[in-house]
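As numbered in mature numbering (1 follows the signal peptide of the UniProt record, and there is no 0), residues -18 to -1, 1 to 341 make up the sequence shown, in order. Reading through the structure tokens given below for one structure.
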Amino acid sequence: MHTSYFTILASLLTPVLACSRVTYNSTTSRHHTHFVVGRSLDSLSPTNTTIWAFPPGARRFGGVQDNPFVWTSKHGTVSAVVNSTLYTEGVNTRGLAGSALLAQQSVFQERKESRPSIFSGVWMQYFLDMHASVHDVAEAYCPDEGGEEPFQVVPELILDEIEAKLRVVLSDAAGDNLIIEFVDGRLRCHHSEDFTVSTDGPSYEEQTAVNKFWQPIGQESLPGTSRASDRFVRLSHYNALVPHALNPEAALSYTAGMVRAVSTPMLPSHKNKKHDTDAGTWPTQWRVYTDLDTQKVYYESATSPLSFWYDVNELNMTEGAEPMVLTVDHVPPSKRMRDVTDKFETVTENSCIWTDCER
């Protein structure tokens, strides 16, 4: 488990997590559902991404100094971690997929040290650890559906102007979706099979309002910038028009095509610095596609030929098994251009992130 809180935050001098996300429905029969989740991650610089496999029984710590919330995971998970701190994308062994997206305009609750708390960078992971479906999360956590907040979410300052203000988006193998965010200090949950698109930027209600403006003229024109609201409109338009795929390979390709279409290309560093607080100008670093039916996850770098996949079902997710990690950066593409399920390595006791890995 990490022991130096301030050392970790010092490593986060790069803003991350601007992104776009879509849940693609390729279901062709009421007897068998098939959904693929695709997301991009945009950042001003490389993200030092690692992918962690945790069997059930992982003991987690909330990532805050005072009164951290603690829990023991119920489900096995495989999650991408940015800069050894932020859990950004993952799926559990029950087919629940989660994403953490930047939400710079969110207003979180004022910190009350009497309440157990978690750092926003581990918020998404909690849901994958503890819940089997979107319905389970909404029922347990969302006030509008009778749930209660077991902890306070705390965003930390990761740059002079930028806090780790995030929203969490969840999807499951049945095609249900849930967007969780803070608006004006209140927890808001948006729960529907129809809520298939999310990006960084304004609140979900504001994004859908902009999308409604463009829907009648979408066949004539679409907004073309890299800003979050424009990406939301374009991705919603594509997802409404893309046909049902006839096989898993086509479903993956259709999802990848949509996410690539809203990605931002690499820009000269001097231009990035001019807009370092504008997530709409951050270049895409990588994309991930999760097949919720087969439990296969596909990773695609936007900065190199690196492209690989792993099968969650083939990892040892027996309770009590050793946690494992897959290094992504600083590895020759030739060693990652394939199925890398067998490349996950057992981790050392002190390297786990917000987790006690001692056995």
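Quick reminder that beta carbons are idealized off the backbone N, C-alpha and C, glycines included.
Nearest neighbour of D182 by Cα position, chosen from S174, Q107, L217, G58, turns out to be L217. Under the DSSP assignment, M306 falls in the beta strand (DSSP E) whose first and last residues are 306 to 309.
Its chain contains N159 as the residues whose beta carbon lies nearer than 7 Å to that of S174, once the 5 sequence neighbours on both sides are disregarded; these appear in chain order. The criterion of a C-beta distance shorter than 7 Å is not satisfied by V116 and D273. Straight-line spacing of the CA atoms in A284 and G239 works out to 13 Å. For V52, the enclosing beta strand (DSSP E) has its first and last residue at 52 to 54. DSSP lists no bridge partner for C1. The beta carbon of V119 sits closer than 7 Å to those of F109, H113, L152, L160, all from its chain and outside the five residues before and after it, given in chain order. In this structure, T15 is the residue among E145, P137, T15, C1 with its C-alpha nearest to the C-alpha of N229. Excluding five sequence positions before and after D166, the CB atoms of its chain that fall closer than 8 Å to its own CB belong to V89, given in chain order. Taken through DSSP and simplified to helix, strand or coil, E145 comes out as strand. The Cβ atoms of P315 and L288 sit closer than 7 Å to each other. In the three-state reduction of the DSSP assignment, G103 falls in the helix class.
Straight-line spacing of the CA atoms in V52 and S27 works out to 32 Å. Check the Cα spacing between A227 and each of N7, S2, Y123: the tightest is with N7. With 16 or more other Cβ atoms inside 10 Å of its own Cβ, L23 counts as buried. The residues E121, in chain order, have a CB closer than 8 Å to that of G128 in the same chain once the five nearest residues on each side in sequence are set aside. By the neighbour-count criterion, in which a residue is buried when 16 or more other Cβ atoms sit within 10 angstroms of its Cβ, L223 is exposed. DSSP places T323 in the helix class (H, G or I) of the three-state scheme.
When the beta-carbon positions are compared, R269 and V241 come within less than 7 Å of each other. Scanning its chain for C-beta atoms nearer than 6 Å, with the 5 sequence neighbours on each side dropped, one finds around F326 the residues A35, M306, L308, in chain order. Between M106 and V150, the beta carbon gap of about 5 Å places them in contact (Cβ cut-off 8 Å). Taken through DSSP and simplified to helix, strand or coil, H16 comes out as coil.
Within the segment 147 to 205, the alpha helix (DSSP H) runs of at least 4 residues that lie entirely inside it are, in chain order, 186 to 196. For the pair Q189 and K147, the CB atoms are not nearer than the 7 Å cut-off. Take the alpha-carbon of Y280 and the one of G80: they are about 15 Å apart. Assigned with DSSP and collapsed to three states, D48 falls in coil, not helix or strand.
Membership of R216 in the alpha helix (DSSP H) is indicated by the continuous run 210 to 223.
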